[in-house]
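Taking it in order: structure first as structure tokens, then the write-up.
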Amino acid sequence: MSKGRFSETISSRRPLAIVNTATLTISLTVALATVCAVLWTSWWTFAGSFVGPFSRFPSLSEARYSNPAFTFSKENVLARCASLRITPSPPNGFDSRDESDRFEEGTNATLIRNALIFTGRDNGTDVIRGDLLLDKGVIKGVGKISGRVIDNTPNLTIVNANGAWVTPGLVDLHTHLGVLSVPILAGAVDFNSAKGPVLPWLRSIDGMNTHDEGYELAMAGGVTSVQVLPGSSNAIGGQAFIVKLRKTKDRSASSMIVDPPDNLNIPASAPSSDAYTTFRWRHMKQACGENLRGYGNRMDTMWALRSAYTEATKIKVSQDEYCANAEAGLWEGLSGPFPEDLRWEMLVDVLRGRVKISTHCYEAVDLDAMVRLSNEFQFRIATFHHASEAWLVPDLLKRMWGGIPSIALFATNHRYKREAYRGSEFAGRVLADEGISVIMKSDHPVMNSRYLMHEAQQAHYFGLPPHLALASVTSTPAIAAGLSHRIGILREGSDADVVLWDSHPLQLGATPVKVWIDGILQIPVPSKTDEENHVEVGKGKDGDEWKNLPDTPNWDQERKNAIKWDGLPPLEGRKVEKSVVFTNVKEVWKRTRYGDLAQAFPEPSSLSEGAELGSVVVEGGKVTCIGKCADASAGDDVRILDIRGGSISPGLMSFGSQLGLEEIASEPSTGNGETYDAFRSNVPKILDDVGGVVRAVDALVFSTRDALTAYRAGVTLATSSQARPIYLAGPDAHIISGLSTAFRTGSGHAMQRGAIIQDVAALHVVLGKPYPLQSQRGISVSTQLAGLRRLLYGWESGDKETGAWFRKAAEGVVPLVIEVDSLDIMASLLILKADVEDRIGSRMRMVFSGAMESHLLAKEISDADVGVILNPARPFPMVWDQRRILPGPPLSNDTALVTLLDHGVVVGLGVRNPWEARNTRFDVQWAALESNARISKELAYALVSRDLERLLGIRGIDDESSDLVVYEGGSMFELSSKVTGIISPSRGFVDLFRT
């Protein structure tokens, strides 16, 4: 069974499906995110029922004269032949135009005063303090603008930026917006075709849904232009288009295209000679690797590509010979109209250097094959996407015909399949050091395009220089697409896409205050700009520090190790059981017996700006001194580490993914395998249990790379279950998902001291509407609730696993954690809870996980004493059950988290994918920032520690057993810090990561 990213995979065995980027189960592929994703679909079709996997390509004789309506005239032929030599470029007078072709009458001009302007020019190094003038869809001035120009601009709206940052609108070069619309419905999935491996004649614009809810969400993150790509189930999936996300008055997909290719609107019959006077860049999607398994293996893929380009070469040669005769006046030698074939004309343009190709490739073997292909047929690939191993083979990339390609990456989304296993957070910096252009992308909806800037932030955190990080989502993708004259760079004459930010764009949680596309305000949403619906953005970010570039750690040694170990450096720490002294400690936080976070150093009563830095002494894994520790460095066997104003605080906890239950989500041999679903078939008699309740502890896999990267990022505990929401697992979702377990992420195996915190934590079930894209109907919601009602009423024998654990859940002995997103299903569950409690006279410990629509039921959830684990922390309406999200600033003042907390609900935060666990500290800080200063650091910490433990029934985590995380260069809430060690009193040692 073939595997790959959900948004790009095809198989001849299974119907269309949705899966999570990182979980990538055996039957489906990755990810709906995060992302990765997180969260997403695979195109599993019966390919053979439509066309054979290696169907015959049309021959040249069939292709040559495919347009019988072509008007044969000397003028037309000569114009057509001359057009073959035209290089795509802006039309004459483009920079001096007074009005954009996208301008809409009635749009005011806008003057943004007193801004820090990142223009995107000069490789992202050009920053100007000044003004920006937008008029008639064109930038009319940047920096110092004369008073005469301003005075002569009518209908002018003035916006005072007050020194805030302004950037070009973000450019997302890899999305499936519109062709994989959200919420995902079977009738609006148009990103992969089952009609063959090579399909250059298909066009993504022909399937682009104008009602995708992802458009507005992406604009809320500052994204204004995206490339809409076909999927990656085909070696050539078709033609791609770059669109602006605002809805035009025309309301059509065609009107959203940034720079429509000239041939898009040329009539098929009798085009005039005027049709060939200009040429704009075209865009196409290629792919290689495991996503094409529906059409064979890697050798089959490359043969299909070589065969296709051979056909295109024949047509190109025929055209060149035809034109040579025509231009020589040898008209008698022409045996018909201009030789062409609508099926292959795209590839002919590729060979003529007039197409920007985006190629989905992960591994060195595939990158090498594509470089060979480009040299064999002499065409350039503009960008490799995903490219998890590109950073390991920079010299190979430099052998690309026609120039070095750009590399479009995820920042930290790796290991969801074998091809991505060697991906690295250091890839961006390594490539940049080699002079290779780096682009950050979302693969929306694998990851929500709204958070494209967060990809740049993470890339910068791990070493990508700030100017290149900002350029990676603005000017660099625009240049790669051949559209930097319109988008991605703020310069006079370009189309006016502009973002005004509430903080430096590379600060975590940076949020757009205003977004203009074509000079037209999109954010705040025009329909929500009245006083009643005013959204406050940036509260709590008033200090100058928010306008400054954040400090980031030094990762030089880690980066060198990653290269040395071919992408798989050792992740285990160096265990020190003797004395360790940490010096220059700014603060120490510890847990109280109730799980609260309390400051141990400096004493709260003595806090001041000039607080003296202290030391922390650890012996045998236990802290023996905090503050002024005399003679702490005595002894030859004492290890002393300067953490440079860093801090020490308790470890965090992760929940919601398959962390510790699998190594590579799409590789069955690295995970637990399939469990039985009692709602679909009878459980085998050998289990002697009607519900087939299983324990996650039996499937634990230690020392996975995702668990260890999480550990090295301060996530010391994890609670994992086999519950996967229906929208991720599809037909493989299990309503009765068994018992979760809690374990230490840094342990080597189950028998190590302290490795397993709690064998059984909670009982898990999954409820939701049927999987949207499966051929057979799913288990109905009413059936799911009927089964749950019966089990909670206690009608199964207590001497069996199912009966015993559901009785314990009904009686409140263990939490019952329910994966559910729908408001209506949650309401039914609250009614069921009251009914069960009334029947048996107990108090259930019910918890909603996922809970995307829980804010709509906050009061009732609170009254019922039900907890909520928001998972993921930032909402996205992937499926119908999640469509009523509360998106937060700049689209709404409140978030689901704030709403629930305001009603007294106990809330935790979770992740969907194992790779995301490492970002827990950033997720919780981001959640606090989105609250507009309503969530303190102590409360934020509780969301991924104390309160998450309470909700999941984890006991016994206190000051004596809690691991402490040592952050060098700052606290867990600062981008300047990185984890340099873990103090583990229960295991009796310190794990050190400093090399």
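By the count of the UniProt record's numbering, the sequence shown reaches residue 995 at its end, each step adding exactly one. Ideal Cβ placement from N, Cα and C applies to all residues, glycine included.
query                                                                                                                             : result
Simplified DSSP state of Tyr967, which is helix, strand or coil                                                                   : strand
Member of Gly981, Ala79 and Val127 whose CA lies at the smallest distance from the CA of Ser647                                   : Gly981
Residues bridged to Lys285 (per DSSP)                                                                                             : Gly238 and Ser358
Given 8 Å, three or more beta-carbon pairs between the region 337-344 and the region 406-424                                      : no
Inter-residue spacing [alpha-carbon to alpha-carbon] between Glu425 and Val438                                                    : 13 Å
According to DSSP, residues forming a beta bridge with Gln227                                                                     : Ile242
Test item: CB-CB of Val228 and Gly488 under 8 Å                                                                                   : no
Bridge partners - Asp131, DSSP secondary structure assignment                                                                     : Gly143
Short Cβ contact (8 Å threshold) for Leu948 with Phe655                                                                           : yes
Neighbour-count burial assignment, Val38, 16 or more Cβ in a 10 Å radius                                                          : Legend: pLDDT at Val38 = 32, less than 50; position of this residue unreliable, no value from coordinates given.
Inside the region 542-625 only - beta strand (DSSP E) runs reaching at least 3 residues                                           : 574-576, 580-591, 597-601 and 614-619
Between the CA atoms of Ala917 and Tyr676 - distance to the nearest angstrom                                                      : 27 Å
At least 3 beta-carbon pairs within less than 8 Å: the region 695-707 vs the region 808-819                                       : no
In DSSP terms, what Asn160 is bridged to                                                                                          : Arg113
The region 348-355 contacting the region 364-384, beta-carbon criterion three pairs below 8 Å                                     : yes
Proximity of Arg113 and Gly137 at Cβ, strictly below 8 Å                                                                          : no
Residue from Arg450, Ser986, Ile840 and Val990 with nearest C-alpha to Gly214                                                     : Arg450
Whether Leu728 touches Val189 by CB criterion (8 Å)                                                                               : no
Selected residue, minimal CA-CA separation from Cys361, among Ser335, Pro553, Phe241 and Ala235                                   : Ala235
C-beta contact flag for Ala851 and Asp923 at 8 Å                                                                                  : no
Residue from Gly120, Asn548, Val393 and Met453 whose Cα sits closest to the Cα of Asp433                                          : Val393
Complete runs of the alpha helix (DSSP H) confined to the UniProt domain "Amidohydrolase-related" (427-518) [at least 4 residues] : 427-433, 452-461, 466-471 and 475-480
Extent of the continuous beta strand (DSSP E) run through Gly867                                                                  : Gly867 to Leu870
For Arg85 and Pro887, the rounded distance between their alpha carbons                                                            : 49 Å
Simplified DSSP state of Trp303, which is helix, strand or coil                                                                   : helix
Cβ neighbour criterion (16 or more within 10 Å) applied to Ile983                                                                 : buried
Helix, strand or coil at Gln658 [DSSP, three-state]                                                                               : coil
Where the alpha helix (DSSP H) through Ile825 begins and ends                                                                     : Leu823 to Ile840
Terminal residues of the alpha helix (DSSP H) in which Leu792 lies                                                                : Val781 to Leu792
Buried versus exposed, by CB contacts within 10 Å (16 or more), Met844                                                            : buried
Where Tyr461 falls, given that 16 or more other Cβ within 10 Å makes a residue buried                                             : buried
Alpha carbon of Leu939 to alpha carbon of Glu974, nearest angstrom                                                                : 16 Å
Where Met846 falls: helix, strand or coil (DSSP)                                                                                  : strand
Residues near Phe876 in its chain [Cβ-Cβ closer than 6 Å; skip 5 each side]                                                       : Asn448
Reduced DSSP secondary structure (H/G/I, E/B, other) of Phe377                                                                    : helix
Helix, strand or coil at Gly48 [DSSP, three-state]                                                                                : With a pLDDT of 31 at Gly48, under the threshold of 50, the modelled position of this residue cannot be trusted, and the question is left open.
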